[in-house]
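A short write-up of the structure that comes next.
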Amino acid sequence: QDVRLEDYRPTDFEIETVDLTFRLDPAQTRVTSRIALRRRSGTKADVPLVLDGDELNLVALKINDVAADNECFAATPSSLEIRDLPETEVFTLEIVTEIAPAENTKLMGLYRSNGVYCTQCEAEGFRRITYFLDRPDVLAVFTTCIEAPTNDAPLLLSNGNPGETGELGDGWHFAVWHDPHPKPSYLFALVAGDLAVVRDWFVTRSGKPVVLEIYVEHGKQIRANYAMDALKRAMSWDEERFGREYDLSVFMIVAVSDFNMGAMENKGLNIFNDKYVLADSDTATDADYANIEAIIAHEYFHNWTGNRITCRDWFQLCLKEGLTVYRDHEFSADMRSRPVKRIAEVRLLKAHQFPEDSGPLAHPVRPEHYSEINNFYTATVYEKGSEVVRMLATILGPTEFKAGLDLYFSRHDGDAATIEDFLKCFEDANQVKLTQFALWYRQAGTPVLTVSARFDGRARKLMLDIEQSAPATPGQPKKRPMHIPLRFGLIDADGAEIKTSDIEGIDVTGDVMHVKRRAHKIVISKVRKRPVISLNRSFSAPINIHFEQGTEDLFHLARFETDAYSRWQALNELALRGLIAATGAVRDDTDIVPDEALVSGIIASLEDGTLEPAMRAQAVLLPGEADIARELGNNIDPDAIFEARNGVLDIVAMTGADAFDKVADGFTPSGRYTPDAESAGKRALYLAALDYLSRISLPADALLPIFRSADNMTIMAGVLAILAHRFPETAAAETALAEFELRFRENPLVIDKWLQIQATIPGQATLARVKQLMGSNHFSIENPNRVRALIGSFSAGNPTGFNRADGAAFAFLAGLIIELDARNPQVAARILTSMRSWKSLEPVRQEKARTALVAISEQPSLSPDVRDITDRTLGQ
Ligand code: ARG
Ligand code: ZN
């Protein structure tokens with residue numbers, strides 16, 4: 031069914047307190063929920079109460095402590111409707127339900143993961159535990175009592191502060207938790223089991239001590255140290271940067287091995303996919319460490335942006351997610367290298383959000399209707415949502431942005447707020463209007479700026495014509511002009527920045543042009559010599575720019591732009607142009623001849639000792655196959671792209687052989703591994719050099735010993751990927767894969783890397799390998815991490831393998847989605863989004879993709895999750 035933003039209405043009843051008692055059992059957990067309700071003023075006495083449920087089974091119901099008459103309620107698995115309620119304003123219900131955590135394969139609600147009871151309630155999982163007003167604008171104070179056999183579950187956790195504990199007899203015990211902060215049900219959590227703990231502490235800046243606990247499987251404590259360190263840094267940073275202090279005496283994180291997404295910000299009790307907690311140098315890569323740091327921070331930051339201030343309804347999801355992603359991006363930028371972080375953000379945005387925005391699943395940052403909310407935890411809500419907050423900061427300026435955010439925190443603490451509430455704070459704090467800016471939340475699609483420039487040397491004037499447009503997206507054929515903050519710079523021939531105060535035709539503050547109209551005719555005066563124009567510095571707006579800028583100008587920017595991110599952007603744009611041209615050459619069956627200046631520009635960046643190693647690595651990491659496909663937009667032949675890209679990389683490798691050798695030889699693993707950004711940058715540069723050298727002078731047999739002598743997972747997995755991808759099916763590659771498997775077969779998170787590396791081996795043959803790996807005992811369709819590592823990386827990260835011209839991989843995916851959907855719809859729906867760009871394929875592949883989608887669609891018993899993705903992907 032279609033839920034619409036415009037239909038929002040507050041509930042007729044409010045819930046003041048919730049007292050939950052769980053009597054835990056894998057097959058028969060009894061949940062007793064005592065809730066104190068109050069009629070909202072204006073609610074008539076005869077209005078029935080309708081509580082949400084999902085696959086529930088009602089055991090008993092009491093109203094004001096008296097068993098309810100059968101005539102006055104109706105219970106189904108998905109709702110509990112109660113009529114003839116007491117006429118008093120306040121009354122209590124006691125609802126008893128019985129659930130089976132061990133059979134809960136959807137991993138929503140209360141389930142078991144590796145013998146540990148845990149919960150996931152966002153967005154609508156709480157209704158799988160008990161009947162409730164399961165929506166984010168119903169805030170209540172929760173008290174939770176957990177009862178369990180002491181052997182099976184010595185540890186009993188829930189939100190808030192710990193209360194009474196004790197024995198119950200018969201080997202059972204209990205623990206009570208009380209959360210003083212009113213919260214919506216999606217933030218409820220419970221964990222029970224036998225886990226080890228790593229403990230530390232933090233003193234808030236106002237002097238309150240907080241106990242920090244990270245719970246992991248026994249024996250894995252040492253691997254939680256980095257997460258703990260990241261947590262403490264995040265807590266201090268949020269105090270300094272945003273003035274946010276923690277508000278309970280304990281903050282707990284639990285790592286579980288079966289989890290539908292990354293992590294969850296339950297009040298005081300964050301639950302994590304163990305992939306984003308556990309790390310040591312033998313088993314985690316630099317990328318894993320960076321992800322852990324970011325996600326630990328993200329969930330912690332939700333305590334204010336999400337929990338203290340929550341969302342009125344799920345349409346406002348970006349209110350907490352976009353803002354919290356922005357906060358975690360800023361945190362990582364402060365902890366690491368800001369320009370390198372910015373490059374990673376833009377790469378991710380373009381790889382995931384841009385395709386989403388230009389395909390059948392496009393939706394606004396704040397959607398206006400949905401049929402299944404789980405399908406809206408998207409790159410658009412999260413990543414574009416973050417970019418929108420970043421633009422707000424750019425438009426207002428740092429002081430003004432901070433004033434608005436401070437007002438938001440003080441005005442809406444304890445509220446379930448909306449995007450309008452959020453924007454109003456920035457308006458009120460700064461006496462500005464953000465009416466046009468608000469369109470960023472309402473209009474889907476990546477805006478396009480078409481720019482042309484003309485320099486009149488005699489008049490010393492630079493003329494810029496800027497036009498904005500936005501493509502049609504599902505349900506939104508026409509778009510209104512938006513407020514686009516376009517950072518810019520003018521660079522003279524010597525590489526110096528030209529000061530520009532004399533600008534007409536557009537509002538400018540600092541280096542930001544405020545594009546607001548459909549078209550701007552801009553005149554910049556007193557410009558003596560023809561400048562090189564740099565647009566969208568530091569990627570100030572998530573847009574596409576069409577600007578016929580000469581290659582020489584781009585080279586100039588790649589060398590002289592003062593903004594480090596923008597130097598990379600210029601070089602990357604040049605590389606993309608070269609790769610597009612090469613793809614054309616492959617399709618026309620002519621030779622690939624990349625611009626010499628491009629090749630030498632790339633090599634010059636590689637050799638530039640003034641740049642940090644991570645930056646040099648980014649410079650040689652050319653746009654990927656998916657980037658090229660996105661730029662081409664339609665009639666995609668992934669094989670041609672693959673061949674073209676390899677052709678260009680081969681030439682760069684040959685031309686830069688000496689430089690790559692020098693980098694590789696100069697790399698000394700400096701003793702003990704440390705995960706800091708600087709050391710990670712050196713490893714990234716080294717691996718990039720090896721990748722190029724594997725095209726010329728480093729054959730598989732020479733890579734094998736490098737693989738074997740690696741003393742950390744970053745290098746080991748990096749070299750394994752080069753071996754497997756560049757030399758598939760050679761003895762050396764297969765040997766390395768076998769040795770890796772043997773060494774890490776007891777460690778599923780590392781085996782995920784092994785699955786992923788194999789799933790992304792380019793070419794036709796990989797489908798057979800994926801099928802064979804599905805049959806191995808390392809794979810399990812029940813575990814989301816395994817499914818994502820093998821199937822997710824094959825369908826979303828292997829353009830030539832997945833888009834086989836014969837359509838065999840599409841058909842395989844369709845079968846798998848149908849099978850997975852019966853167990854875990856949320857993960858099935860997520861994996862299926864890898865088909866969202868099917869219409870941009872060349873006609874033969876497109877038809878095969880359509881056939882596979884139709885095959886899914888014809889299944890009679892699809893989940894709402896997969897039904898929604900299938901329908902929208904097919905354009906129905
Ligand atoms: N709020 C969590 C986070 O971003 C993610 C929850 C995702 N829930 C879902 N049903 N997909 O940190
Ligand atoms: Zn989040």
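Numbering (the working numbering), first residue to last: 31 to 906.
A virtual CB, placed ideally from N, CA and C, is assigned to each residue, including glycine.
Within 10 angstroms of the beta-carbon of A795 lie fewer than 16 other beta-carbons, which makes it exposed. Under the DSSP assignment, D55 falls outside any alpha helix (DSSP H); it carries neither an H nor an E label. The bridge partners DSSP lists for D537 are H544. One Cα belongs to N574, the other to Q346, and the distance between them is close to 26 Å. The beta carbons of N833 and L785 sit no closer together than 8 Å.
Inter-residue distance for T465 and Q473 is about 13 Å (C-alpha atoms, whole angstroms).
Within its own chain, the residues whose Cβ lies closer than 6 Å to the Cβ of T744, once the five positions on either side in sequence are excluded, are T315, D316, R713, listed in chain order. In the structure shown, P735 adopts helical secondary structure according to DSSP, grouped into three states. For V48, the secondary structure class from DSSP, reduced to helix, strand or coil, is strand. The closest CA to that of R756, considering only D495, I787, R775, is found on I787. Taking C-beta atoms as the reference points, T903 and L391 count as a pair closer than 8 Å. DSSP places Y161 in no beta strand (DSSP E); its state is neither H nor E. Below 8 Å, too few C-beta pairs join the region 620-635 and the region 691-705 to call them touching: fewer than three.
Separation of the CB atoms of A719 and F690 is rounded to 5 Å, and the pair is thereby assigned contact status at 8 Å. DSSP links Y245 through a beta bridge to V227, V284. Secondary structure of Q786 (DSSP, three-state): helix.
P792 places its beta carbon 8 Å or farther from that of A446.
Counting along the chain, Y141 sits inside the beta strand (DSSP E) bounded by residues 139-143. The continuous stretches of beta strand (DSSP E) do not include L772, which lies in the alpha helix (DSSP H) extending over residues 761-774. Nearest Cα to S564 within the set F281, T581, R558, S143: T581. Remark: C-beta atoms of P561 and L520 approach each other more closely than 8 Å. With contacts defined as CB atoms closer than 8 Å, S499 and V478 qualify as a contacting pair.
Excluding the 5 residues flanking it on each side, E849 has same chain C-beta neighbours closer than 8 Å at I811, in chain order. By the Cβ rule, the region 195-212 does not count as touching the region 227-236, because fewer than three pairs are nearer than 8 Å.
Cα atoms of G72 and G540: separation of roughly 52 Å, rounded to the nearest angstrom. Taking the C-beta atoms as reference points, G292 is found no nearer than 8 Å to V280. The three-state reading of DSSP puts L652 in coil, since its state is none of H, G, I, E or B.
Residue pairing of W202 in beta bridges, as defined by DSSP: P179, G199.
In this structure, the alpha-carbon of K692 lies about 45 Å from that of A879. Inclusion of R235 and E275 in the CB contact set at 8 Å is warranted, their separation being smaller than that value.
The beta carbon of Y245 sits no closer than 7 Å to any heavy atom of ligand 1. For the 8 Å CB-CB criterion, L137 and N303 do not form a contact. T127 sits away from N94, with the two beta carbons spaced by 8 Å or more. Judged by DSSP in its simplified three-state form, Q251 adopts helix. When beta bridges are read from the DSSP output, T340 appears opposite A446. Just measuring C-alpha positions, the residue of T335, T476, S440, A324 sitting nearest A381 is T476.
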